[in-house]
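Enquirer: Position in the sequence shown (from 1) plus 2 gives the number in my numbering.
In this text, a Cβ means the ideal position worked out from N, Cα and C, and glycines have one as well.
The structure's right below; bear with me while I get my questions together.
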Amino acid sequence: SYVILPVAAFNMFREHWLWGAGLGSFPLKWSNFIDWQAWADPHHIYTLIEGQFAYPFNLYMGWAAETGLLGLSLVIAFLGIMLWQLWKRFQETKGSEGHFVVASLLFCLIGIVFMGFFDDSLNARFNWVFLGMCLGMTKR
């Protein structure tokens, strides 16, 4: 499934590139976007349990498939603005007591952005709490 699901997400994005197939639709529609004959090779057969929650193991591919280019652009813009604001705050707090806190949040946010290539990191509730903390640190 680590190979089939990202391929399904890419195919879903290709077919619905502007608006996407609908938020939350990937687990329901992913199997419609696979050419099952091409995956008949025994090296590519994976056991997918019926009804198992399926996601493409990539935050950006998942958002592209479900929300299209517009939704993906918003997610990237959101994360980019958060990174930029924390970077500016990091520069402003040099030599102060809060510098270590801002540096920690900045590096954790970089980790979440990087982790997005291998998992849907925004589905975890604690990441939204963390993003709220980052947003709070960008205020003066």
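(1) How would you label L61, buried or exposed, when you count the other beta carbons within 10 angstroms and need 16 or more for buried?
(2) Mapping DSSP to helix, strand and coil, what is E99?
(3) Grouping DSSP H, G and I as helix and E and B as strand, with all else coil, what is K90?
(4) Within 8 Å, do at least three Cβ pairs link the segment 17-34 to the segment 81-92?
(5) So the candidates are H18, G22, G64; which of them puts its Cα closest to the Cα of P8?
(6) Kindly indicate which residue of M117, D122, T69, A105 has the alpha-carbon position closest to the one of M135.
(7) Could you please give the first and the last residue of the uninterrupted alpha helix (DSSP H) stretch that includes N13?
(8) Run through DSSP, which three-state label would F120 get?
(9) Given a threshold of 16 other Cβ atoms within 10 Å of its Cβ, counted over all protein chains shown, does L25 qualify as buried or as exposed?
(10) Which residues mark the beginning and the end of the alpha helix (DSSP H) in which K141 is found?
(11) Measuring CB to CB, does V115 end up less than 9 Å from L76?
(12) Return the Cβ separation of G118 and A67 in integer angstroms, given the expectation that the two are a contact with Cβ distance under 8 Å.
(13) In whole angstroms, what separates the C-alpha of E17 from that of K96?
Expert: Let me spell this out:
(1) buried
(2) coil
(3) helix
(4) no
(5) G64
(6) A105
(7) 6-17
(8) coil
(9) exposed
(10) Per DSSP, K141 belongs to no alpha helix (DSSP H) and is neither H nor E.
(11) no
(12) Not confirmed; about 14 Å, so no contact.
(13) 48 Å
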